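Once you know that position 121 of the sequence shown is 121 in full-length UniProt numbering, the rest is easy, because the numbers rise by one and skip nothing. Glycine residues also receive a C-beta, built at the ideal position from the N, C-alpha and C atoms. None of these values were measured; they are calculated from a predicted model.
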Amino acid sequence: MAIYETIFILDSLLSPKEIDAAIERFSGIIKENGGSIRKVDKWGKKRLAYEIQKKQYGFYAAIEFEGTGNIPKELESEYNFNDNVLRYLTYRYDKHKLKAMELQEKEAAQKAEPAAPAPEPEPAAQEETVATEAAPEQQEQKEGEE
Numbered sequence: 001m002a003i004y005e006t007i008f009i010l011d012s013l014l015s016p017k018e019i020d021a022a023i024e025r026f027s028g029i030i031k032e033n034g035g036s037i038r039k040v041d042k043w044g045k046k047r048l049a050y051e052i053q054k055k056q057y058g059f060y061a062a063i064e065f066e067g068t069g070n071i072p073k074e075l076e077s078e079y080n081f082n083d084n085v086l087r088y089l090t091y092r093y094d095k096h097k098l099k100a101m102e103l104q105e106k107e108a109a110q111k112a113e114p115a116a117p118a119p120e121p122e123p124a125a126q127e128e129t130v131a132t133e134a135a136p137e138q139q140e141q142k143e144g145e146e
């Protein structure tokens, strides 16, 4: 099975419930055809670069899924049938991008683990400030003695 991502723009005049229903409908098509959803991203309402069907704004969303080659065809037919979809794009990840994504996930997991023991250096910073505050007083005393 290959990994795909489909990005689509919905009409911005839809209510949040209607937007969620459309996303669920597209996710359902993927599941009905033997696919599995990896991630759903709602990018939100954004201004379009140019007017589409006399609309200046659209609601952007993306679904990353794993499945067979017939799923993009099924999604495309649903996108064409649904009047609320302004634009769409479905593409398949290549092997190099998949390897890069796996490496990024591993690096992020490694960076997240050592971040916890960091709070210990705070007392050292307080000692330094005390030492620098004492220094000007000593200089004033030396000036007074001269």
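CA-to-CA distance, residue j to residue i, given in whole angstroms
i: residue 81; j: residue 105; result: 37 Å
i: residue 32; j: residue 24; result: 12 Å
i: residue 3; j: residue 63; result: 11 Å
i: residue 84; j: residue 65; result: 22 Å
i: residue 61; j: residue 9; result: 7 Å
i: residue 109; j: residue 30; result: 29 Å
i: residue 78; j: residue 17; result: 19 Å
i: residue 89; j: residue 102; result: 23 Å
i: residue 47; j: residue 7; result: 16 Å
i: residue 42; j: residue 12; result: 13 Å
i: residue 107; j: residue 15; result: 39 Å
i: residue 50; j: residue 59; result: 14 Å
i: residue 1; j: residue 67; result: 5 Å
i: residue 57; j: residue 40; result: 21 Å
Per-residue DSSP class, three states only, for residue i
i: residue 36; result: strand
Residues bridged to residue i (per DSSP)
i: residue 45; result: 59
i: residue 4; result: 65, 92
i: residue 9; result: 60, 87
Please specify which runs of the beta strand (DSSP E), each continuous and at least 3 residues long, are wholly inside the region 53-119, giving them in chain order. 55-67, 85-92
Evaluate contact between the region 68-76 and the region 9-23, counting only Cβ atoms and requiring at least three cross-stretch pairs below 8 Å. no
Could you say if the region 92-100 and the region 29-46 meet the contact criterion of at least three C-beta pairs nearer than 8 Å? no
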